[in-house]
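So the sequence shown is numbered by the numbering used here: it starts at 115 and just counts up by one. Backbone N, C-alpha and C define an ideal beta-carbon position, used for all residues, glycine too. Structure first, commentary second.
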Amino acid sequence: MVHIYNAAAEICSFVNRACGDDSLFVRYSCITAAARRNIMSDIRKRLPLLFEPYEDAGEPVIHCIKKHEPTEEFYNALDDCITELEAAGELFRLIGLAQVLDGAMRDILQEKIDELQEDDFSVVLNSNRERTGVGLLPRCSCVWERKHRLSQSSNCMDNFLCNILLLENTILGELIDKHYFLKDDFFSGFAQHKRLRIAATPLRREANLEVELYERDSVQYFRVRRAEGGCGPENEAVWQKIVKAAKENSDIVVFPEMLGNEETARYISARLKELDADERKNFPAMIILPSVWSRNMNTVTILNREGSILCRQSKQNPFRVEFDGTGYLEGIRPNMVVNIFHHEGIGRIAVLICKDFLTTKYMEQLMRCFKLTLIIVPSYSTGSYDFRQSFDLCAHDDCNVVWINTCAALRNGKESNFENIGYVRKRIGRSDDDSQKLCRMPICRGAFSGECSHDCIFFEDIKGV
Numbered sequence: 115m116v117h118i119y120n121a122a123a124e125i126c127s128f129v130n131r132a133c134g135d136d137s138l139f140v141r142y143s144c145i146t147a148a149a150r151r152n153i154m155s156d157i158r159k160r161l162p163l164l165f166e167p168y169e170d171a172g173e174p175v176i177h178c179i180k181k182h183e184p185t186e187e188f189y190n191a192l193d194d195c196i197t198e199l200e201a202a203g204e205l206f207r208l209i210g211l212a213q214v215l216d217g218a219m220r221d222i223l224q225e226k227i228d229e230l231q232e233d234d235f236s237v238v239l240n241s242n243r244e245r246t247g248v249g250l251l252p253r254c255s256c257v258w259e260r261k262h263r264l265s266q267s268s269n270c271m272d273n274f275l276c277n278i279l280l281l282e283n284t285i286l287g288e289l290i291d292k293h294y295f296l297k298d299d300f301f302s303g304f305a306q307h308k309r310l311r312i313a314a315t316p317l318r319r320e321a322n323l324e325v326e327l328y329e330r331d332s333v334q335y336f337r338v339r340r341a342e343g344g345c346g347p348e349n350e351a352v353w354q355k356i357v358k359a360a361k362e363n364s365d366i367v368v369f370p371e372m373l374g375n376e377e378t379a380r381y382i383s384a385r386l387k388e389l390d391a392d393e394r395k396n397f398p399a400m401i402i403l404p405s406v407w408s409r410n411m412n413t414v415t416i417l418n419r420e421g422s423i424l425c426r427q428s429k430q431n432p433f434r435v436e437f438d439g440t441g442y443l444e445g446i447r448p449n450m451v452v453n454i455f456h457h458e459g460i461g462r463i464a465v466l467i468c469k470d471f472l473t474t475k476y477m478e479q480l481m482r483c484f485k486l487t488l489i490i491v492p493s494y495s496t497g498s499y500d501f502r503q504s505f506d507l508c509a510h511d512d513c514n515v516v517w518i519n520t521c522a523a524l525r526n527g528k529e530s531n532f533e534n535i536g537y538v539r540k541r542i543g544r545s546d547d548d549s550q551k552l553c554r555m556p557i558c559r560g561a562f563s564g565e566c567s568h569d570c571i572f573f574e575d576i577k578g579v
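Structure, rendered in structure tokens:
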């Protein structure tokens, strides 16, 4: 099937390069019924395999092809059709052909999702990504996104595709994308109820961190390291939060930024592996551990309930902070890797660590490239205002956001910024109460006096609209 994937990528690439701006897509979205029938009839004459032998109310009906059906003759006809349409500059017909291929491959792409779920991670379906600048993946559906999602906020080729996820290198830039297709029963609660239960915890009031300032190439930086002391109590506190999340049947548990250590992932993994299968099945399927600042990287480890590492996500955008009125930059080395989790019914999940979410250009780059439907934001921040401002950018494109901060970041004079220690920004239906769209996680009063009971954990459900 690589041939047909390559053909779809070729069409999308040519249209993107030839159209010059997005007005082509605006005009195509408003073509007349007669023009659309003419386009479909022309494609049907050239490529009859892609259509059923009957019509519905005078409209050609797209045929969902099977893997064995395309022949060498069909592929030759498809290549000839693309070549002729490109030579004639028939952009509307090329977009129409892309839509037909998208519909014709519906069942094949669904089968491909099942195959990709067995892989550790997945690469794009087409082999001509380097030449075309376009990558194709099967598109997982999402129960909270609108049917015409993105069409109000952007005009692009992707607006006309339902089963293909189009990844454009011009948007991705220098980033390296890695994709993980999670099995349908990975989130067992979602598989049963079409509801994703999120647990989020600020973890603790104590930071146990030291900041070291240094200079390199005339720029001032800071690095973070743990203060002296054993890791055992810290890691046990993380474990107890995971146990609490399990008791509430949480699908995902997320911790804040920087409160992990180099032993945390090994410790939690070992505790999970000590459990028997019946005990583990109630634990969160995805465990987003507190990030660790080490060796000039700020990295989150993401585990599954079996204690295996799904992936590690590093922070890409350094935070800037002032000490005594002088600016210092977080001394991290971005590795440019972005991990995307795909799940049927949920769509696409990404973890953006603190400043990555606040860097609007970067966040929108990921939103536009991967059509994200859920962003998890672990944070260590002295305020929530900027995060709340960014939530609506995501909501506009039907992307829910879970943001969790830590009271360890609380500083004297910043108390007003910590009324809430986390938020879940959800897409809601038109008839729902607006108050449901922003779910608050209030800080405990003891945090302002430096007290910590280590009990805080919040739960929220995300479901279809």
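Out of the options, point me to the one whose CA is closest to residue i's CA.
i, options, result
"LYS292", "ASN283, VAL452 and GLY543", "VAL452"
"ASN375", "GLU388, ARG394, VAL352 and ILE222", "VAL352"
"ARG141", "PRO167, SER155, ASP194 and GLY210", "GLY210"
"GLY303", "CYS468, ILE557, PHE505 and ILE460", "ILE460"
"ASN418", "PHE501, ILE402 and ARG544", "ILE402"
"ALA399", "THR473, ILE312 and PRO432", "ILE312"
"ASN431", "ALA391, THR474 and GLU420", "THR474"
"LYS361", "VAL116, MET115, HIS117 and ILE571", "ILE571"
"THR315", "ILE535, ARG559 and VAL579", "ILE535"
"MET364", "LEU310, CYS126, ALA391 and LEU443", "It should be noted that the sequence gives Ser, not Met, for residue 364. Checking every option, the nearest Cα to that of SER364 belongs to LEU310."
"SER332", "PRO174, PRO184, THR284 and LEU443", "LEU443"
"ASP547", "GLY560, VAL579 and VAL367", "VAL579"
"SER236", "VAL367, GLU183, LEU424 and PHE165", "LEU424"
"ASP298", "GLY560, LEU251, TYR328 and GLU232", "GLU232"
"GLN224", "LEU327, PRO252, TYR381 and CYS126", "PRO252"
"GLY497", "ASP512, ASN526 and PHE484", "ASN526"
"GLY287", "LYS577, PHE484 and ARG559", "PHE484"
"PHE300", "CYS126, PHE397 and TYR476", "PHE397"
Who are the Cβ neighbours of residue i in its own chain at under 6 Å, not counting the five residues just before and after it?
i, result
"MET372", "SER405, TRP407 and TYR494"
"LEU488", "ILE463 and ASN514"
"GLN427", "VAL414, ASN453 and VAL465"
"LYS387", "GLY421"
"PHE532", "LEU524 and ILE557"
"ASN242", "ASN120 and ALA123"
"ARG394", "ARG419"
"ARG482", "ILE285"
If residue i and residue j are in contact, beta carbons under 8 Å, what's the gap, nearest whole angstrom?
i, j, result
"LEU199", "ARG207", "5 Å"
"TYR294", "HIS456", "7 Å"
"GLU124", "ILE196", "6 Å"
"ARG318", "ALA522", "6 Å"
"ILE285", "MET450", "Not really, about 14 Å apart at Cβ, beyond 8 Å."
"GLY441", "GLN334", "7 Å"
"LEU472", "PHE437", "At roughly 20 Å, the Cβ-Cβ gap does not stay under 8 Å, so LEU472 and PHE437 are not in contact."
"ILE118", "PRO162", "Going by Cβ atoms, the distance from ILE118 to PRO162 rounds to 15 Å, so no, they are not a contact pair."
"ASP392", "LYS429", "Wrong, their Cβ atoms sit about 37 Å apart, outside the cutoff."
At the level of alpha carbons, what is the spacing between residue i and residue j?
i, j, result
"GLN503", "GLU259", "21 Å"
"CYS256", "GLU458", "7 Å"
"PHE246", "PHE188", "According to the sequence as given, residue 246 is Thr; it is not Phe. Approximately 22 Å between the Cα atoms of the pair."
"HIS307", "LEU466", "27 Å"
"LYS528", "PHE562", "10 Å"
"GLY249", "ASN240", "6 Å"
"GLY343", "PHE505", "37 Å"
"ASP569", "TYR499", "25 Å"
"GLY445", "GLU377", "22 Å"
"ARG385", "VAL435", "36 Å"
"ARG340", "LYS261", "48 Å"
"MET219", "GLU186", "17 Å"
"LEU192", "PRO174", "18 Å"
"GLU478", "PRO167", "43 Å"
"GLU565", "PHE369", "19 Å"
"SER545", "GLU574", "20 Å"
"PRO492", "SER567", "21 Å"
"ASP390", "ILE382", "15 Å"
"ASN273", "GLY203", "21 Å"
"SER549", "LEU164", "47 Å"
"GLU329", "PHE433", "16 Å"
Are there any heavy atoms of the ligand GTP lying less than 8 Å away from the beta-carbon of residue i, as far as the coordinates show?
i, result
"PRO162", "Inclusion of the ligand GTP in the displayed structure is not the case, the ligand content being empty and no account of it being possible."
For residue i, I'd like the list of residues in its chain whose CB is within less than 8 Å of its CB, leaving aside the five on either flank, ordered along the chain.
i, result
"VAL129", "LEU138, LEU205, LEU208, ILE209, ALA212 and MET271"
"LYS551", "ALA509, ARG539, LYS540, ARG541 and ILE542"
"ARG69", "Past the boundaries of the shown model lies residue 69; the chain is included only from 115 to 579, so the question cannot be answered."
Kindly list the residues whose CB is nearer than 7 Å to the CB of residue i, restricted to its own chain and excluding five residues on each side of it in sequence; keep chain order.
i, result
"LYS358", "ILE571"
"ILE145", "PHE206"
"LYS109", "The requested residue 109 is not part of the displayed model; the chain covers only 115 to 579."
"ARG554", "ASN534 and TYR537"
"ILE153", "PHE206, ARG207 and GLY210"
Q: Specify whether the stretch 143–150 and the stretch 223–237 touch according to this definition: at least 3 beta carbon pairs, one from each stretch, less than 8 Å apart.
A: no
Q. At a cut of 8 Å, does the stretch 515–527 reach the stretch 272–280 through at least three beta carbon pairs?
A. no
Q.
Could you check whether the stretch 336–349 touches the stretch 314–322, counting it as contact only if at least three pairs of C-beta atoms, one from each stretch, sit closer than 8 Å?
A. yes
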